[in-house]
Ligand code: PLP
């Protein structure tokens, strides 16, 4: 299980980065988490597109070309047949001589990437769903950048765990933004909806895939602002993310969502999603 650091494949214990790295000192970097099933990536190009967009937004130079990223990622997961794995990929602005917010030109980005197994979903989740809490969205106003500065998300996950919940769903001015590490879907009055893309939330690859699959299967949806009140009164709530797929939320702030069981539209979407994954795995 070697990892990739700045052009070399090394055992994790031997992978060293300077304490002057801007990722370490400032959280000055971006990342991606890309899932693979049986040695084939799901959403590779959209993930690499989003990486490019995050790098461009933070004005970090792109360290590798598209074909080099693909080759690196393929090497990290190995050739089929291999287990389901995700690749964590991180690019920081690099190592600067001084701790100065203003970074000199010509610094080489630090590139780190490694593969880890994707844990299969516990069967209890499809039967019982997961619990969430809600909190005001205390993050900055550039949520569309997949930044490694994740203090707010770390705090939100801690608060969720302390409440025996999996995730925190955040809201800004009475409107749902997203989860600490996921996007949010709501079924209310028979309609499937999710907040539209904006600077307040990450444009999730799984969110986009779920919408594409919905379209292909004739499931209507709306990308529109979702009020916190709508969330609280929802028949179904879902979370989406690359490693957790689409999850049913059955408790919100200790109250039942709908009848307290994973809903029928989630069951349908999950079946469609699992089928899509099986096709990715089969190539
Ligand atoms: N929103 C946030 C804040 C996230 O951190 C993540 C993923 O970790 C997502 C949404 C879901 O994005 P994706 O589906 O691309 O994994």
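Numbering (UniProt numbering), first residue to last: 2 to 284. Beta carbons are placed, not taken as given, at the ideal position from N, Cα and C, and that holds for glycine.
Task: 4 or more residues per run - each alpha helix (DSSP H) lying fully within the region 57-137 - done: You should have 67-78, 124-129.
Task: Cβ pair residue 242, residue 150 closer than 8 Å - done: It is not a contact, given that the beta carbons lie outside the stated cut-off.
Open item on the list: Could you give the first and the last residue of the continuous beta strand (DSSP E) run that contains residue 200?
Closed with: That residue, residue 200, is in no beta strand (DSSP E); it is neither H nor E in DSSP.
- [ ] Give a single yes or no on whether residue 179 has its beta carbon closer than 7 Å to a heavy atom of the ligand PLP.
- [x] Yes - the ligand PLP has a heavy atom lying nearer than 7 Å to the Cβ of residue 179.
Open item on the list: In this structure, how does DSSP classify residue 19 when only helix, strand and coil are distinguished?
Closed with: In the structure shown, the three-state DSSP call for residue 19 is coil.
Open item on the list: Tell me the residue span of the beta strand (DSSP E) that contains residue 189.
Closed with: 184-189 is the extent of the beta strand (DSSP E) around residue 189.
Task: Through-space distance from residue 171 to residue 137, alpha-carbon basis - done: C-alpha separation (whole angstroms): 5 Å.
Task: Reference residue 117, options 188, 41, 77, closest by Cα - done: Across the set 188, 41, 77, the C-alpha of 77 shows the shortest separation from the C-alpha of residue 117.
- [ ] Please check the pair residue 185 and residue 195, which I expect to be a contact at CB under 8 Å, by giving their CB distance rounded to whole angstroms.
- [x] Between residue 185 and residue 195 the beta-carbon gap is near 7 Å, inside 8 Å, which marks them as a contact.
Open item on the list: Report the CB separation of residue 139 from residue 153 in whole angstroms; it is logged as a contact under 8 Å.
Closed with: Correct: roughly 5 Å between the Cβ atoms.
Open item on the list: For a quick check, are the C-beta atoms of residue 28 and residue 204 less than 8 Å apart?
Closed with: No, Cβ-Cβ distance for residue 28 and residue 204 is not below 8 Å.
Open item on the list: Under 8 Å, Cβ to Cβ, is there at least one residue of chain B near residue 188?
Closed with: Of the chains in the structure shown, none is chain B; there is only one protein chain.
Task: Endpoints, beta strand (DSSP E) assigned at residue 238 - done: Its beta strand (DSSP E) spans residues 237-242.
- [ ] Would you mind sorting residue 109 into buried or exposed? The rule is 16 or more other CB atoms within 10 Å of its CB.
- [x] A residue is called buried once 16 or more other Cβ atoms fall within 10 Å of its Cβ, and residue 109, having fewer, is exposed.
Open item on the list: For residue 176 and residue 227, I'd like the C-alpha separation in whole angstroms.
Closed with: When rounded, the distance between both Cα atoms is 6 Å.
Task: Rounded separation between residue 13 and residue 69 - CA only - done: Their backbone Cα atoms lie some 21 Å apart in a straight line.
- [ ] To the nearest angstrom, report how far apart residue 235 and residue 193 are at their CA atoms.
- [x] Distance between residue 235 and residue 193, taken at the CA atoms: about 10 Å.
Open item on the list: If I follow the unbroken alpha helix (DSSP H) through residue 217, where does it start and stop?
Closed with: Taken as a continuous stretch (DSSP letters only), the alpha helix (DSSP H) holding residue 217 covers 206-217.
TODO: With DSSP collapsed to three states, give me the class of residue 228.
DONE: When secondary structure is reduced to three states using DSSP, residue 228 falls in the strand class.
Task: Buried or exposed (CB count within 10 angstroms, at least 16 for buried), residue 19 - done: Classification of residue 19: exposed, given that the 10 Å Cβ count is below 16.
Open item on the list: Distance check for residue 178 and residue 225, CA to CA, integer angstroms please.
Closed with: In a straight line, the C-alpha of residue 225 is about 11 Å away from that of residue 178.
Task: Closer than 7 Å: residue 250 CB and nearest the ligand FMN heavy atom - done: The ligand FMN is not part of this structure, which contains only the ligand PLP.
TODO: Kindly indicate the opening and closing residues of the alpha helix (DSSP H) around residue 265.
DONE: In the DSSP assignment, residue 265 falls within the unbroken alpha helix (DSSP H) covering 265-283.
TODO: May I have the straight-line CA-CA distance separating residue 103 from residue 30, to the nearest angstrom?
DONE: Straight-line Cα distance between these residues: approximately 14 Å.
Open item on the list: On the criterion of 16 or more Cβ atoms from any shown chain inside 10 Å, does residue 201 qualify as buried, or is it exposed?
Closed with: In summary, residue 201 is buried, with 16 or more beta-carbon neighbours lying within 10 Å of its beta-carbon over all protein chains present.
- [ ] Determine the DSSP secondary structure at residue 173, reduced to helix, strand or coil.
- [x] DSSP places residue 173 in strand when its eight states are reduced to three.
Task: Endpoints, alpha helix (DSSP H) assigned at residue 158 - done: Residues 152-163.
TODO: Verify the contact flag: residue 207, CB atom, against every heavy atom of the ligand PLP, threshold strictly below 7 Å.
DONE: Checking every heavy atom of the ligand PLP against the Cβ of residue 207, one is found closer than 7 Å.
Task: Simplified DSSP assignment, three categories, for residue 180 - done: Correct three-state label for residue 180: strand.
Open item on the list: With a threshold of 7 Å (Cβ to nearest heavy atom), would residue 34 be considered close to the ligand PLP?
Closed with: Answer for residue 34: yes, Cβ within range of the ligand PLP.
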